[in-house]
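Colleague:
What follows is the structure in structure tokens.
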């Protein structure tokens, strides 16, 4: 009898045992389905042996082969990765420096500067795109440069909208920095630069990694701003996919997208692994 | 180890923040080589600002800080042979214990082999042998503090600064650390300057104490002197418990003051050397420590006696505090050692006399 009573008690979910409530479990499963069903469908249909790609007609890898042999698609893909890589590196450097500036120093008009910095985050993308286009035309940015310099305009536009995100993330991280650690380093004989290199940058690292991840993703899948700043020879992956879809959604598009998803997943996993390793090191 | 040569001279140092805040106000202090010195005061009295100026994190607005005779007021903290243990310990979280302790040597360009030996020595000095590979998040608060100590001591500084080092520890550990810090200081022979708001900490550890209030140093003395001969009302009140009585000067006869107090009655006391003779009719403060009162027994020739009644008592284990109300309604705290019979006897007395020897009555200038 006592045993029975105890079992009853264990079965009743506690106030925080959310995973044991049916209702919440349903919501959890439902949100997963809505999030990932389209992506999984996309991946599955990349193996579909059908040109129209509406009904499943058997497994094939031929559209992967076709995508790999589509020079235009590969070129767009390489362009996207190049732009994303360069703009991520520059965004992280600029963003980190902005974060340190806003965290460390007091200067006149600090609040307006901070607001202006966050502006690219809130301005509608379409406005940013038009503004960028108008700007590059106005200053007469050359469009006939050789690769990779012809990607300059798009890269600059991408840096403009991704570095504020990096700055915000790094700034948030720095807000929890114990200033006594910096003072301790100097007290022990470290110069300003040594303190930055040995104490502050290691502390910022998780923020830098997260910021880089975000900047890379933002750049990789940006369509609107890229559309306005790209020339006829500078096609990025999203724009190429868009132009392909205008004719028909073939499994080739699915295959190319699947490769992009795979690359993103690997990249994210590596970043998360690096971050968890560095957070084991610290707090 | 101790001698009278000052290792650090603070002369006329003032620190202002902005136009309105004066954190440290014209402080002059000499700190002797090899001594354990405490800066004691309530929060906001400027003790930490003073410590930060010695470390180099703040630059004095006026005055100079001299280390062995050389002005270091404008020297940045990384060029001063002075190290600090921070209140939060500020152990670098991404470095192992070894790397934390080695950091100061590394940035100074010490050869690797030498670093290893020195770090191991420092770790064993603070009893952390075997912890070198640990990360700070695997350490307790007390152990992190030892890392901070080792990290500062490994540099062999001329002066070690400690900012409220014990405030984050629990009572038991704090007591053990007090003892250990004094022992450590004696064994390494480095001058320690500690900042604390805890008078017990300062009394038990320091060779000399500077009591600060509102940016000024009120008294600099050995713990015993500070306790038994405070030079002002603030120090008397801040260090330990004390009963204060207002008194009026009736007249002065040479060095002897005739005073009239409604609690103590008529008292004649020698005027303290440091004090200017007060004019007749002026008010001064008299003070008596709670443990200098006796309950009952015979009054000696030199004793004051106060009739009163016990209104309350508080039991503290080894001793008890009795709250005695005199005829004029002043509340007097009396501390008694707890024996088997003492309290119960006193408890019953509704009216009693408390005595104190005249030499235990202190005259405090305002």
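Chains as they are written, first to last, in the working numbering: chain W, 79 to 361; chain B, 435 to 800.
Glycine included, C-beta positions come from ideal geometry on N, C-alpha and C.
Here the structure is a predicted model, which is why all the values come from computation and not from measurement.
1) Mind checking if residue 349 of chain W is an interface residue toward chain B, Cβ cutoff 8 Å exclusive?
2) Determine the closest residue to residue 150 of chain W out of W/350, W/353, W/348, W/330, with distance taken between C-alpha atoms.
3) For residue 248 of chain W, count neighbouring Cβ atoms within 10 angstroms of its own Cβ and tell me buried if that reaches 16, exposed if not.
4) For the stretch 659-718 of chain B, which segments carrying the beta strand (DSSP E) assignment without a break, of at least 3 residues, lie completely within its bounds, in sequence order?
5) Could you tell me how far apart the beta carbons of residue 456 of chain B and residue 674 of chain B are, in whole angstroms, since I believe they sit closer than 8 Å?
6) Which residue marks the beginning of the beta strand (DSSP E) containing residue 790 of chain B, and which one marks its end?
7) With distances taken Cα to Cα, identify the nearest neighbour of residue 273 of chain W among B/511, B/443, B/791, B/757.
8) Can you grab the Cα-Cα spacing for the pair residue 684 of chain B / residue 595 of chain B, in whole Å?
9) Assuming residue 266 of chain W and residue 665 of chain B make a contact with CB atoms under 8 Å, what is their CB distance in whole Å?
10) Is there contact here, the stretch 525-535 of chain B with the stretch 565-582 of chain B, by at least three beta-carbon pairs under 8 Å?
11) Alpha helix (DSSP H) containing residue 240 of chain W: first to last residue?
12) Which residues does DSSP list as the beta-bridge partners of residue 470 of chain B?
13) Which one of W/202, W/158, W/134 has the shortest CA to CA distance from residue 231 of chain W?
14) Beta-carbon within less than 7 Å of residue 311 of chain W's beta-carbon, same chain only, minus the 5 sequence neighbours each way: which residues are those?
15) Closer than 7 Å: is that where the CB of residue 518 of chain B sits relative to any heavy atom of the ligand NAP?
16) Counting only the same chain and skipping the five closest in sequence on each side, list residues whose C-beta sits under 6 Å from that of residue 507 of chain B.
17) Checking contacts by CB at 8 Å: is residue 528 of chain B closer than that to chain W?
18) Determine contact between the stretch 338-345 of chain W and the stretch 132-141 of chain W, defined as no fewer than three beta-carbon pairs at a distance below 8 Å.
19) So, is the C-beta of residue 494 of chain B closer than 8 Å to a C-beta in chain W?
20) Confirm, please, whether the CB-CB distance from residue 785 of chain B to residue 724 of chain B is below 8 Å.
21) Within 10 angstroms of its Cβ, does residue 479 of chain B collect 16 or more other Cβ (buried), or is it exposed?
22) Alpha carbon to alpha carbon, what distance is there between residue 103 of chain W and residue 607 of chain B?
23) In its own chain, which residues sit with a C-beta less than 6 Å from the C-beta of residue 292 of chain W, not counting the 5 before and 5 after it?
24) When you check each C-beta in the stretch 246-276 of chain W against every C-beta of chain B, which residues fall closer than 9 Å?
25) Any contact of the stretch 641-656 of chain B with the stretch 468-485 of chain B, i.e. 3+ C-beta pairs under 8 Å?
26) At which residues does the alpha helix (DSSP H) containing residue 195 of chain W begin and terminate?
27) Do you know offhand how far residue 215 of chain W's Cα is from residue 152 of chain W's?
28) Chain W partners of residue 538 of chain B, CB-CB under 7 Å?
29) Do you know offhand how far residue 435 of chain B's Cα is from residue 470 of chain B's?
30) Does the stretch 196-211 of chain W come into contact with the stretch 271-291 of chain W, if we say contact requires no fewer than three beta-carbon pairs (one atom in each stretch) closer than 8 Å?
31) So, is residue 766 of chain B buried or exposed, given that buried needs 16 or more other C-beta atoms within 10 angstroms?
32) Using only the alpha-carbon positions, how far apart do residue 328 of chain W and residue 156 of chain W sit?
Modeller: Here's the rundown:
1) no
2) W/330
3) buried
4) 677-687, 690-695, 699-704
5) No, residue 456 of chain B and residue 674 of chain B are not in contact; Cβ-Cβ is about 28 Å, not under 8 Å.
6) 786-791
7) B/511
8) 48 Å
9) That pair is no contact at about 38 Å.
10) yes
11) 230-253
12) B/626
13) W/158
14) 228
15) Judged by which ligands are present, the structure shown has none, so any question about the ligand NAP falls away.
16) 494, 498, 499
17) yes
18) no
19) no
20) no
21) buried
22) 47 Å
23) 243
24) 256, 257, 258, 259, 260, 261, 262, 263, 264, 265, 266, 267, 268, 269, 270, 272, 273, 276
25) yes
26) 188-200
27) 28 Å
28) 266, 267
29) For residue 435 of chain B, the predicted structure reports a pLDDT of 44, less than 50, and the residue's modelled location is therefore unreliable. A value from the coordinates is still provided. Going by the C-alpha atoms only, they are around 11 Å apart.
30) no
31) buried
32) 21 Å
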